[in-house]
Amino acid sequence: MKDLLWLVPLFPLAGFLVNGLVYLFSRRTAAESSLAAGHPQAHGHTETGPKWKTLHTVVGTGSVALSCLVAFGAIFDIGVRSLSEGAHHVLTLWRWIPLGLNQSTGQVPGPLAEWVVDVALRLDSLSALMLAFVTFVGFLIHVYSVGYMGHDSGYGRYFAYLNLFMFSMLTLVLAANFLLMFVGWEGVGLCSYLLIGYDYHKKFAADAGKKAFVVNRIGDFGFILGIFGVFALFGTLDFGKVFAVAASNPAAYAPYMTLVCLCLFLGAVGKSAQFPLYVWLPDAMAGPTPVSALIHAATMVTAGVYMVARCNVLFRLSPDALLVVAVVGGFTALFAATIGLVQNDIKKVLAYSTVSQLGYMFLACGVGAFVAGMFHVVTHAFFKACLFLGSGSVIHALGGEQDLRRMGGLSRKIPITYVTFLVATFAIAGVPLLAGFFSKDAILAAVFESHFPRAPWLPKLLWTAALFTAGLTAFYMFRLVSLAFYGKFRGTPEQEAHIQESPRSMTLPLVVLALLSVVGGWIGIPILRGGDRIGEFLAPVIPALAGAHPTEHAAPVTLELALMAASVAFATIGLLLAYLWYAKGEGRVPARLAERFPGLYRALANKYFVDEAYDAVLVEGLGKGGGRFLWEVDATVVDLIPNGAAAATRGASSLSHLFDKYVVDGAVNGVASSLQGGFRLLRRAQTGQVQNYALVMGGGLFCIVAVYLIFR
Amino acid sequence: MTITINHYLVVSFLLFSIGLLGVLVRRNILTVLMSVELMLNAVNLNLIAFSRRLSDLTGQVFSIFVITIAAGEAAVGLALTISLFRQRRTLNVEEASSMRG
């Protein structure tokens, strides 16, 4: 069975091809028949229901079900026990890039061998963990989509993209080397773009897709630089070889690792939506809700954490890189949680919550607790997928309403959604014995006990931030529940008349995921002897470094209990406050608070103006898109200065009135207009006529040849 | 009169110049494409002439490659022409400058 591992990504790929081709074909025939009927303007958007629906359903969900079965078969073929003892299986499919023999003698002792990159799949305990929950949660979300997208005319297209995503994600997870992982990495980015912009005729969705794609490119640039660095240092990209060599000779590689790891981490920051590249994730909510659950909560965005955990040997060689990871993660967790407090779109709250929880995972990785990070990846996949699917069910019931201010009192009308949503909320808030409690607690304990030689005060600071974030998480999640499910319904009477529970295909995944949100954390119970199953399971992928002393100091049980009590206390305070303020008090206290601190409220509601700043500096400044950038580069360079300065000034002055924006604006506008005049001449040369360019090229060539002939 | 390599080169030069001129001054996209073909064939002639002169088959092999690529270029070019015509109802290359390429 383990040699059939290649079938795992292959099934979704086949599903993608079948779904995509059938959809294209059916759309074409539909367009032709409508042309024949005398409607030349029919642009593929036929108003009839989805065609070939049964086929798309069977192929779309069936392919993922099959790959899930094969995945579990392969895992159990090797055996969970032997995986946790370090057994792994590398399946080389074919030689991808043969580069010949390595003839350079690098400065560091690398394996002087053949330079090759294979298409190879690797099943060890880390990828087995990812594989298990990605295929399973993916399958549930495919089932959910059958109900959620049932009336959409793009049904086939949707399933084709979703299957392509599963193929890319499984390639990413199973890859045995950096380059194949990068292929999957780019593949999931592409599918993310396609699915965010699924409603491509709506401008905001298309824009959100482009934003996600562009922001991810920044991260991917860092990732591929990191891959180059690894290749230059080790002469191979194979995970097994790279990590074995690095772990056996830490002193030789440590000096180079800070740069390499920071490059790799930039990739993770982009994919996993960490500060400052998190801005695409909230906008990505423009995609259909199951997509948000699958790609932007459970699987794709955790790829960054997976990558960092996969490269844990490299990261552990560089304390500085780990410090950056921890600080970025901790800051993002707190930052995103505060924004989530005041959002009114149900999916936006969940999006910021995802960013915040991803911050937790990176915080764990940064303090060296890679197991705790991966643990949180798994539990987060369960409860966040449940929350997103639950919000999808709410939106479905309300006919597309996403504004929390127009919900309320839904608990009696859609009971299954309500109960599952509540369970997942308790899980994310860290209510004891539910999934989120154990993983979050493992992270908090690891942060508390970590130490950074360069900044001894940092662990306590990060721990305080993480603890505070836990309270905020409980607060904003229960605010969401209170606003949506308690109190009186605040929408239109027409909406109220149509509220009904979602079909079976949607509630069933919710129930399964809610169950997993309860029991998912029991694989990592602390304190109890033998309770930390996940730690034992993942132990082989976190090998000891040669020459380093294994730090075997189990924290005293009392300390661990105290830490738990603190996090539970914060979560309880958050839950109770949210319940009192929003369910009982109907939002009067928060409204008063917003009145009392208008500056703070505006900063939170506008997400700290980060989008506006990026927009001013990068979008407006660098031209509204690549095309204009090419021919108006002169004008935009000029624009960059005043717009950036003006935006920064606007943000700052509206918050604190410290800067006098008129003075600054006046000065920079003067600079701008004077420079703009100068560059107007240069703009003339860009006519857009290819023939003009060719003429200039030909003339230039003629001049060069003439000069050569005369002066040779 | 024997035909030396110079004769081939002169013909090739003339063909190339006619093609270049066509690319530079004509506004009809079909004519431009035909002119490009002319330039490519001038290059082929050049390659074959030198190949014969130097008794080296590389030039002839290379010209086969050029012919193959030219076929692909013609196919893509004509496809672009058709889709341009469908979009804009014109074959004038000056009208297709909105990308400012």
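Going line by line, the protein sequences match chains A and B.
Here the first sequence is numbered in the numbering used here, starting from 316 and rising by one per residue.
Here the second sequence is numbered in the numbering used here, starting from 470 and rising by one per residue.
Heads up, the beta-carbon is just placed ideally off N, CA and C, and yes, glycines get one too.
Keep in mind it's a predicted model, so treat the numbers as computed, not measured.
- Name the residue from A:E901, A:A1009, A:N334, A:L579 whose alpha carbon lies nearest to the alpha carbon of A1030 of chain A. Since the displayed chain A opens at 316 and closes at 1027, residue 1030 of chain A lies outside it and no answer follows.
- Is any beta-carbon of chain B found at less than 8 angstroms from that of Q1006 of chain A? Here the question's residue 1006 of chain A lines up with position 691 in the first sequence. True, the Cβ-Cβ gap to chain B drops below 8 angstroms.
- Query: Can you name the residues of chain B whose CB is closer than 8 angstroms to the CB of L1010 of chain A?
  - Reply: Counted from its first residue, the first sequence places residue 1010 of chain A at position 695. Those within 8 angstroms of L1010 of chain A in chain B are L493.
- Message: Just to confirm, is the Cβ distance from V762 of chain A to P747 of chain A under 8 angstroms?
- Response: For the purposes of this step, residue 762 of chain A is taken as residue 447 along the first sequence, with counting starting at 1. For the purposes of this step, residue 747 of chain A is taken as residue 432 along the first sequence, with counting starting at 1. No, Cβ-Cβ distance for V762 of chain A and P747 of chain A is not below 8 angstroms.
- Query: Thinking C-beta only, is M508 of chain B closer than 8 angstroms to G488 of chain B?
  - Reply: For the purposes of this step, residue 488 of chain B is taken as the residue at position 19 of the second sequence. For the purposes of this step, residue 508 of chain B is taken as the residue at position 39 of the second sequence. Taking 8 angstroms as the Cβ cut-off, G488 of chain B and M508 of chain B qualify as a contacting pair.
- Task: Using beta-carbon positions only, say whether L370 of chain A and V337 of chain A come within less than 8 angstroms of one another.
- Result: As a first step, residue 370 of chain A must be located in the first sequence, where it is residue number 55. As a first step, residue 337 of chain A must be located in the first sequence, where it is residue number 22. Yes; because the gap between Cβ atoms is below 8 angstroms, this pair is in contact.
- DSSP state of P413 of chain A mapped onto helix, strand, coil: Taking the first sequence and counting its residues from 1, one reaches residue 413 of chain A at position 98. It is a strand residue.
- Closest Cβ-Cβ distance between G1015 of chain A and chain B: below 8 angstroms? The residue labelled residue 1015 of chain A in the question sits at position 700 within the first sequence. At a cut-off of 8 angstroms, the C-beta of G1015 of chain A has no neighbouring C-beta in chain B.
- Query: Taking L406 of chain A as the reference, which of A:V323, A:I456, A:M464 has the closest Cα?
  - Reply: Locating residue 406 of chain A in the first sequence gives position 91, where the first residue counts as 1. Checked all of A:V323, A:I456, A:M464; the closest Cα to L406 of chain A is A:V323.
- At least one CB of chain A closer than 8 angstroms to the CB of E542 of chain B: is that the case? In the second sequence, counting from the first residue as 1, residue 542 of chain B sits at position 73. Cβ-Cβ to chain A under 8 angstroms: no for E542 of chain B.
- Task: Within 10 angstroms of the Cβ of W595 of chain A, are there 16 or more other Cβ atoms? Answer buried if so, exposed if not.
- Result: Working through the first sequence from its first residue, we reach residue 595 of chain A at position 280. Counting of Cβ neighbours within 10 angstroms places W595 of chain A among the buried residues, the total reaching 16 or more.
- Taking V431 of chain A as the reference, which of A:L1010, A:A881, A:F554, A:S587 has the closest Cα? Taking the first residue of the first sequence as 1, we reach residue 431 of chain A at position 116. When only C-alpha atoms are compared, the closest one is A:F554.
- In the DSSP assignment, what residue or residues form a beta bridge with L436 of chain A? Position 121 of the first sequence holds residue 436 of chain A. In the DSSP assignment, the residues bridged to L436 of chain A are A:L406, A:A490.
- Could you give the DSSP three-state label for D718 of chain A: helix, strand or coil? Taking the first residue of the first sequence as 1, we reach residue 718 of chain A at position 403. DSSP places D718 of chain A in strand when its eight states are reduced to three.
- Let me know the alpha helix (DSSP H) ranges lying completely inside the segment 684 to 741 of chain A, each 4 residues or longer, listed in chain order. Qualifying alpha helix (DSSP H) stretches, in chain order: 685 to 712.
- Message: Under 8 angstroms, Cβ to Cβ, is there at least one residue of chain B near A1003 of chain A?
- Response: Here residue 1003 of chain A corresponds to residue number 688 of the first sequence, with the count starting at 1. Just to set this straight, residue 1003 of chain A is Gly in the shown sequence, not Ala. Interface flag for G1003 of chain A against chain B is set, since a Cβ pair is found closer than 8 angstroms.
- According to DSSP, which residues form a beta bridge with V373 of chain A? Working through the first sequence from its first residue, we reach residue 373 of chain A at position 58. Per DSSP, V373 of chain A has no beta-bridge partner at all.
- Beta-carbon gap between L649 of chain A and F474 of chain A smaller than 8 angstroms: The count along the first sequence starts at 1 and reaches residue 649 of chain A at position 334. The count along the first sequence starts at 1 and reaches residue 474 of chain A at position 159. Cβ distance not < 8 angstroms, so L649 of chain A and F474 of chain A don't count as in contact.
- Between which two residues does the alpha helix (DSSP H) containing W595 of chain A stretch? By 1-based counting over the first sequence, the position of residue 595 of chain A is 280. Residues 595 to 598.
- Task: State the Cα-Cα distance for the pair I474 of chain B and G528 of chain B, rounded to the nearest angstrom.
- Result: In the second sequence, counting from the first residue as 1, residue 474 of chain B sits at position 5. In the second sequence, counting from the first residue as 1, residue 528 of chain B sits at position 59. So the two alpha carbons sit approximately 14 angstroms from each other.
- Item | Straight-line gap, F804 of chain A to Y593 of chain A (C-alpha atoms, nearest Å) | Locating residue 804 of chain A in the first sequence gives position 489, where the first residue counts as 1. Locating residue 593 of chain A in the first sequence gives position 278, where the first residue counts as 1. Near 33 angstroms, if we compare the C-alpha coordinates of Y593 of chain A and F804 of chain A.
- Query: Counting only beta-carbon atoms, is I538 of chain B nearer than 8 angstroms to chain A?
  - Reply: Taking the first residue of the second sequence as position 1, residue 538 of chain B is located at position 69. Not flagged as an interface residue toward chain A: I538 of chain B, since no C-beta distance is shorter than 8 angstroms.
- Given a limit of 7 angstroms on CB to CB distance, which residues of the segment 474 to 508 of chain B reach chain A? Only those residues of the segment 474 to 508 of chain B whose C-beta falls short of 7 angstroms from the nearest C-beta of chain A are listed: L489, V492, L493.
- Message: Just to check my reading of the structure: L798 of chain A and Y894 of chain A have Cβ atoms closer than 8 angstroms, yes? What is that Cβ distance to the nearest angstrom?
- Response: As a working note, residue 798 of chain A is residue 483 in the first sequence. As a working note, residue 894 of chain A is residue 579 in the first sequence. Between Y894 of chain A and L798 of chain A the Cβ distance is about 11 angstroms, and since that is not below 8 angstroms, they are no contact.
- Query: Per DSSP, V431 of chain A is paired with what?
  - Reply: The sequence position of residue 431 of chain A within the first sequence is 116, counting from 1. Looking at the DSSP assignment, V431 of chain A forms a beta bridge with A:P413.
- Message: Just to confirm, is the Cβ distance from K663 of chain A to P597 of chain A under 8 angstroms?
- Response: Along the first sequence, one-based indexing puts residue 663 of chain A at 348. Along the first sequence, one-based indexing puts residue 597 of chain A at 282. Against a cut-off of 8 angstroms, the Cβ pair of P597 of chain A and K663 of chain A comes out as a contact.
- Distance between beta carbons of A684 of chain A and I610 of chain A, contact taken as under 8 angstroms: Translated into positions along the first sequence, residue 610 of chain A becomes position 295. Translated into positions along the first sequence, residue 684 of chain A becomes position 369. About 26 angstroms; that fails the 8 angstroms criterion.
- Do we get a CB-CB distance below 8 angstroms when we pair E563 of chain B with the residues of chain A? Locating residue 563 of chain B in the second sequence gives position 94, counting from the first residue. The beta carbon of E563 of chain B falls within 8 angstroms of a beta carbon belonging to chain A, placing the residue at that interface.
- Message: Assuming the contact rule is C-beta atoms closer than 8 angstroms, P634 of chain A and F767 of chain A should be a hit. Round their C-beta distance to whole Å, please.
- Response: For the purposes of this step, residue 634 of chain A is identified with residue 319 of the first sequence, where counting begins at 1. For the purposes of this step, residue 767 of chain A is identified with residue 452 of the first sequence, where counting begins at 1. Indeed they touch by this definition, with Cβ atoms about 7 angstroms apart.
- Item | Nearest-angstrom Cβ-Cβ length linking S708 of chain A and L825 of chain A, presumed shorter than 8 angstroms | The sequence position of residue 708 of chain A within the first sequence is 393, counting from 1. The sequence position of residue 825 of chain A within the first sequence is 510, counting from 1. Here S708 of chain A really is in contact with L825 of chain A; their C-beta atoms are around 7 angstroms apart, less than 8 angstroms.
- Message: Does N561 of chain B come out as helix, strand or coil in the three-state DSSP assignment?
- Response: Within the second sequence, numbered from 1, the residue matching residue 561 of chain B stands at position 92. Note: N561 of chain B maps to strand in three-state DSSP.
- Message: Taking the alpha carbon of K699 of chain A as the reference point, which residue from A:L485, A:S882, A:F736 has its own alpha carbon closest?
- Response: As a working mapping, residue 699 of chain A is identified with position 384 in the first sequence. Nearest C-alpha to K699 of chain A: A:F736.
- Message: Is it the case that the segment 665 to 675 of chain A contacts the segment 624 to 640 of chain A, given that we only count it when at least three CB pairs across the two stretches are under 8 angstroms?
- Response: The segment 624 to 640 of chain A, when compared against the segment 665 to 675 of chain A, does not touch it at the 8 angstroms Cβ threshold.
- Is it true that the segment 536 to 546 of chain A meets the segment 502 to 520 of chain A, where meeting means three or more beta-carbon pairs spaced less than 8 angstroms apart? With a cut-off of 8 angstroms on Cβ pairs, the segment 536 to 546 of chain A is not in contact with the segment 502 to 520 of chain A, counting fewer than three such pairs.
- Report yes if the CB atom of N510 of chain B is closer than 8 angstroms to the CB atom of L549 of chain B, and no otherwise. Stepping through the second sequence from its first residue, residue 510 of chain B is reached at position 41. Stepping through the second sequence from its first residue, residue 549 of chain B is reached at position 80. Their beta carbons are not under 8 angstroms apart, which means N510 of chain B does not touch L549 of chain B by this criterion.
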